[in-house]
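Enquirer: The structure's right below; bear with me while I get my questions together.
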Amino acid sequence: MRPNFFHHLHPPTIPARQSRWRYTLGAGGTAIFLVLVLIITGTLEMFYYIPTTDEAATSIQTIAYLVPFGGLVRNLHFWSAQFLLVVSAVHLARVVFSGAYAPPRRFNYLLGLVLFVSAILLDFTGYILRWDTGIQWALVVGTNLLKTIPVLGNRLYVLLIGGIQPVQATLTRFYAWHLVGLMLPAAFLVGWHAFRVRRDGGIALPPASMRTDNERITRFELVRREVLAMLFSASVLILLSVFAPAPLAAPIKEITAISGDARAPWFFLWVQQMLKWGDPFVWGILVPLIVLAVLALIPYIFPRPAEKDLGRWFPKSNRMAQIILAGIALLVIALTIIGSLAAF
Amino acid sequence: MRKWIVLASGTLLLTLALARWMEFRQPQLVSLVPTLTGQPEYCLSCHGELPEISSSHPVKTFGCVLCHGGERLAMDADLAHSSMRGGENPSDLAVVEQSCGGGNCHSGTTADNLDHIQRVLTSVQSTYAGAIANIRFTFGAQPDQIARFGIQSITDSHITTKTGLPSLNAFDPSNETSPLIQQFADNCLTCHINATLQDGTLFARLTGCAACHTPGINGFAKGQIHHLTTTIPYSQCNTCHNRGNYDLRSMAFIERTDVATDRLHDYYQPIAQFTRCEYTLDCVDCHTRSEAMGDGDLHSNKKDIQYIQCKTCHGTLTELPQTHTITEADKLAFKLAFLNPVVDLKAGDSVLVTEKGELLWNTRVLPDGSYEMTGKVTRQNFTFRPVKGTTCKQKPEQQGSQYCHECHSVER
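Heads up: the sequence lines are chains A and B, in that order. According to our numbering, the stretch in the first sequence is residues 676 to 1019, in order. According to our numbering, the stretch in the second sequence is residues 72 to 483, in order.
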């Protein structure tokens, strides 16, 4: 078979272990597929979305109810965005739990972390673009967190919000961030991240001399596996889109009268839950930043996993990193569950 | 591997087919661009069966959203209805200004006769000020019967009558020391037009404007009452004014458990007296819009606003009732006759007129000196004569209805 363009994006052959589901979980590849879905559906939404405070929510209603298949497109965009966070987190967990961040992959680990943070910010800015009563709490209270930062707080707030309270400029800025400030660099970084995977020798495995099995698969087989994962992911996305539409609420009438849902979006519930513990700067900004810093430092502060241990889950040689990540993950998951059950 | 791909492709096609099928299941979109808003709305996709609310509010002109609010584009029932004003009743007084008001509608000035909302909000029917003042006076909480409190606090900057009050505070029972006044507050504050009545009551009515203008809601399925009219039958007035009786000893309101079918015999007060016109005409045949909806002033008592008496139509022994010859300038009379076309009112017609100058446009002075009234609901014609020139023994200063009832009341 003559390889086509898509085949050529892949190496001619790779070690079979690098593409084993139970090792990689297919998380990184699925994330790339979700990014593609997001770019396509997001582009389609741009033809109808009107980024003004008066018309944003009604233009989304137009997409959801009046444009042929608009509801499906919007729901696909929503569900892809939610899954992107889950899949990225799983990808991060796989990398840490298998010690795959070890040199030469330290830099790519940081690129991945930047992408993960970008995905969270893209989710948040996209959520704000709804500009309806469902996002009002997160918009008003969430952005007010910035003001608690010592010295720079108020300036950062005005920089992000474009006023002393959310106004048209705020929506314009979130729109610009979502489409240009975050999406463009992230799209570029996705390419760089994937390029670095190949440049760093593919998905982490022990050096060839230490491997027990030397089985390899061709790019044709690899592409088939990717297609299978895409077909499966697409089916799940469509099913969810049909039966669980993305949330919508009535347009915001008065920004300062917070009447809608007082719940943060689910990926920030853990922060919202911590805010109940005291100082908003400490719990709302400092602690999340410390968590991020700890994640970023994992490849640099913990002992390097043994080369022979690479390519499998939970090697003994990087136990400490596994414990740290498991601790963070459990806390975030627990706080998210508590937050989603709590009444606001 | 190929087998798996074929299987996954099949699954994807199935989910796509499902998505297409779900699109089919959506109701057919019905777009409406009302001339007053110019913005498309899709409410009729589901609500196409609703009758036109009134000939004065054609849906092609008003649409739905102008009055009801709601999300005009949403095809999800919860979202579409989430921002509706006043739930199913946009005329509830809490939202009436947004729903029925606005510069060109029912919120204007006395000059253009469009001050409906201001008049209703200040009328005793919504303030309930008279009852509150009387009860507080009776139980020693205030030294006179001048109203100080209403259901809600309200001010009136433009007083036009002698009994008009500048403002009323919201009645707060927790400030009252008398247990009987508190009992009154617990049991008796459902007698104003914005009170929501209990479910299952025999005397169902809506709140706000619809309390009167949407008559006969019993028997309608919920959400199907879509009707506004100025043809208000006595039975609608009865949902409040024949609903039951007060027990002043226990300070409770006892709602009647039977449905009144006989106007004469089923009136709640056994001692009440009626002349024939009082139980054959509808209330709106005699009682004017300013009596029913208020004159824009805050009053202490129903008596300050209710002024139609027997003599309004029948005159006295010495005087004929006042009359007025209709001219083109009598725009309000023409408008009311247009809204409820029971008579063909023309310039040159001679009609009865009240002492405050309100034209009783459904009456006529007949050539033989007698009068004719056309029922606003029944469309029946009633002819009647003036007192002057009869053998009536009334004294000129005794014009209250109780004096007329002495001879003219009907045995019950």
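Heads up, the beta-carbon is just placed ideally off N, CA and C, and yes, glycines get one too.
For E443/B, report the span of its beta strand (DSSP E) as first-last.
Expert: Along the second sequence, one-based indexing puts residue 443/B at 372. Run containing E443/B: Y442 to T445, per the beta strand (DSSP E) assignment.
Enquirer: Can you find the residues in the same chain that come closer than 7 Å, C-beta to C-beta, to L897/A, ignoring five residues on each side of it along the sequence?
Expert: Your numbering for residue 897/A matches position 222 in the first sequence. Excluding positions up to five away in sequence, the list reads H685, I689 and S694.
Enquirer: Against Q736/A, what residues of chain B qualify as contacts under a CB-to-CB distance less than 8 Å, listed in chain order?
Expert: For the purposes of this step, residue 736/A is taken as residue 61 along the first sequence, with counting starting at 1. Simply E142, L144, A145 and L150.
Enquirer: How many Å lie between I222/B and T278/B at the Cα?
Expert: As a working note, residue 222/B is residue 151 in the second sequence. As a working note, residue 278/B is residue 207 in the second sequence. Near 14 Å, if we compare the C-alpha coordinates of T278/B and I222/B.
Enquirer: With DSSP as the reference, label S238/B as helix, strand or coil.
Expert: Numbered from its first residue, the second sequence carries residue 238/B at position 167. The three-state reading of DSSP puts S238/B in strand, counting E and B together.
Enquirer: Take L431/B as the anchor and find which of D149/B, G440/B, D439/B and L416/B has the nearest alpha-carbon.
Expert: Here residue 431/B refers to the residue found at position 360 when the second sequence is read from its first residue. Residue L416/B is the option with its Cα nearest to L431/B.
Enquirer: Compare the C-alpha of F918/A against each of T106/B, V77/B and M93/B and name the closest.
Expert: To locate residue 918/A, count along the first sequence from 1; it is residue 243. Checked all of T106/B, V77/B and M93/B; the closest Cα to F918/A is M93/B.
Enquirer: Taking only runs of the alpha helix (DSSP H) that begin and end inside the segment 384-440 of chain B, which ones reach a length of at least 4 residues, in chain order?
Expert: 402-410
Enquirer: Go ahead and pull the three-state DSSP assignment for R96/B.
Expert: The count along the second sequence starts at 1 and reaches residue 96/B at position 25. It is helical.
Enquirer: For T234/B and H358/B, which I take to be in contact (beta-carbon distance under 8 Å), what is that distance rounded to the nearest angstrom?
Expert: Within the second sequence, residue 234/B is the residue found at index 163, counting from 1. Within the second sequence, residue 358/B is the residue found at index 287, counting from 1. Contact flag wrong, Cβ pair sits at about 18 Å.
Enquirer: Could you tell me the distance, in whole angstroms, from the CA atom of E929/A to the CA atom of V130/B?
Expert: Within the first sequence, numbered from 1, the residue matching residue 929/A stands at position 254. Within the second sequence, numbered from 1, the residue matching residue 130/B stands at position 59. Looking at the two C-alpha atoms, the distance is approximately 29 Å.
Enquirer: Output the distance between the C-alpha atoms of H682/A and R873/A, rounded to the nearest integer angstrom.
Expert: The residue you call residue 682/A lines up with position 7 of the first sequence. The residue you call residue 873/A lines up with position 198 of the first sequence. Distance between the alpha carbons of H682/A and R873/A is about 14 Å.
Enquirer: If the cut is a Cβ gap below 7 Å, which residues of chain D does S154/B touch?
Expert: The displayed structure is made up of protein chains A and B, and chain D is not among them.
Enquirer: Any beta carbon from chain A within less than 8 Å of E159/B's own beta carbon?
Expert: Taking the first residue of the second sequence as position 1, residue 159/B is located at position 88. No, because no Cβ of chain A sits closer than 8 Å to the Cβ of E159/B.
Enquirer: Use the C-beta contact count for C138/B: other C-beta atoms within 10 angstroms, 16 or more gives buried, fewer gives exposed.
Expert: Locating residue 138/B in the second sequence gives position 67, where the first residue counts as 1. Burial call: buried.
Enquirer: Taking C-beta to C-beta, are D368/B and I230/B nearer than 8 Å?
Expert: Along the second sequence, one-based indexing puts residue 368/B at 297. Along the second sequence, one-based indexing puts residue 230/B at 159. Result yes, Cβ atoms of D368/B and I230/B sit closer than 8 Å.
Enquirer: DSSP three-state label for N184/B, please.
Expert: Your numbering for residue 184/B matches position 113 in the second sequence. Note: N184/B maps to coil in three-state DSSP.
Enquirer: Examine chain A for any beta-carbon lying closer than 8 Å to the beta-carbon of L107/B, and answer yes or no.
Expert: In the second sequence, residue 107/B corresponds to position 36, counting from 1. Not one chain A Cβ lies under 8 Å of L107/B.
Enquirer: Please report how far the alpha carbon of F895/A lies from the alpha carbon of A706/A, in whole angstroms.
Expert: Stepping through the first sequence from its first residue, residue 895/A is reached at position 220. Stepping through the first sequence from its first residue, residue 706/A is reached at position 31. Going by the C-alpha atoms only, they are around 20 Å apart.
Enquirer: Which residues of chain A have a Cβ atom closer than 7 Å to the Cβ of L83/B, listed in chain order?
Expert: The residue given as residue 83/B occupies position 12 in the second sequence. Chain A residues near L83/B: L906, A909 and S910.
Enquirer: Determine, for E168/B, whether the minimum Cβ-Cβ distance to residues of chain A falls below 8 Å.
Expert: In the second sequence, the residue the question calls residue 168/B occupies position 97. No, because no Cβ of chain A sits closer than 8 Å to the Cβ of E168/B.
Enquirer: Taking contact to mean 3 or more Cβ pairs, one atom from each stretch, closer than 8 Å, check whether the segment 761-770 of chain A and the segment 172-192 of chain B are in contact.
Expert: no
Enquirer: Determine whether the beta carbon atoms of Q196/B and S178/B lie at a separation below 8 Å.
Expert: Numbered from 1 along the second sequence, position 125 holds the residue referred to as residue 196/B. Numbered from 1 along the second sequence, position 107 holds the residue referred to as residue 178/B. Contact: no.
Enquirer: Under 9 Å between beta-carbons, which chain A residues line up against M72/B? List them in chain order, please.
Expert: For this step, residue 72/B is matched to residue 1 along the second sequence. Within chain A, the C-beta atoms nearer than 9 Å to that of M72/B come from E896, R899, R900 and L903, in chain order.
Enquirer: Quick one: is N452/B buried, meaning 16 or more other Cβ sit within 10 Å of its Cβ, or exposed?
Expert: Position 381 of the second sequence, counting from 1, holds the residue named residue 452/B. Under a 10 Å Cβ-count criterion, N452/B is classified as exposed, with fewer than 16 other Cβ atoms of the shown protein chains found around its own Cβ.
Enquirer: Identify which residue in L273/B, S228/B, L391/B and Y199/B has its Cα closest to the Cα of M364/B.
Expert: Taking the second sequence and counting its residues from 1, one reaches residue 364/B at position 293. Out of L273/B, S228/B, L391/B and Y199/B, Y199/B has the C-alpha closest to the C-alpha of M364/B.
Enquirer: Nearest by alpha-carbon distance to I960/A: which of T887/A, R692/A and L820/A is it?
Expert: As a working note, residue 960/A is residue 285 in the first sequence. If we check each option's Cα against that of I960/A, L820/A comes out closest.
Enquirer: Please name the residues in the segment 812-827 of chain A whose beta-carbon is closer than 7 Å to at least one beta-carbon of chain B, in chain order.
Expert: none
Enquirer: Along chain B, in chain order, which residues have C-beta atoms closer than 9 Å to that of Y802/A?
Expert: Sequence index remark: in the first sequence, residue 802/A carries index 127 (1-based). By Cβ distance, chain B contributes nothing, its closest Cβ being about 17 Å from Y802/A, past 9 Å.
Enquirer: If we define contact as Cβ-Cβ less than 8 Å, is L115/B a contact residue for chain A?
Expert: For the purposes of this step, residue 115/B is taken as residue 44 along the second sequence, with counting starting at 1. Output row for L115/B: interface = no.
Enquirer: Decide if Q99/B is buried, meaning its Cβ has at least 16 other Cβ atoms within 10 Å, or exposed.
Expert: Along the second sequence, read from residue 1 onward, the residue named residue 99/B stands at position 28. So Q99/B counts as exposed.
Enquirer: Taking the C-alpha atoms as reference points, what is the distance between E720/A and G703/A?
Expert: The residue you call residue 720/A lines up with position 45 of the first sequence. The residue you call residue 703/A lines up with position 28 of the first sequence. Rounded to the nearest whole angstrom, the CA to CA distance from E720/A to G703/A is 25 Å.
Enquirer: Chain B partners of I913/A, CB-CB under 8 Å?
Expert: The residue given as residue 913/A occupies position 238 in the first sequence. The contacting residues are L83, T86, L87, L89 and A90.
Enquirer: Using DSSP bridges, identify the partner residues of E112/B.
Expert: Translated into the one-based positions of the second sequence, residue 112/B becomes position 41. BP columns for E112/B point to L103/B.
Enquirer: G1002/A to S992/A, Cα distance in whole Å?
Expert: Against the first sequence, residue 1002/A aligns to sequence position 327. Against the first sequence, residue 992/A aligns to sequence position 317. The alpha-carbon separation between G1002/A and S992/A amounts to approximately 18 Å.
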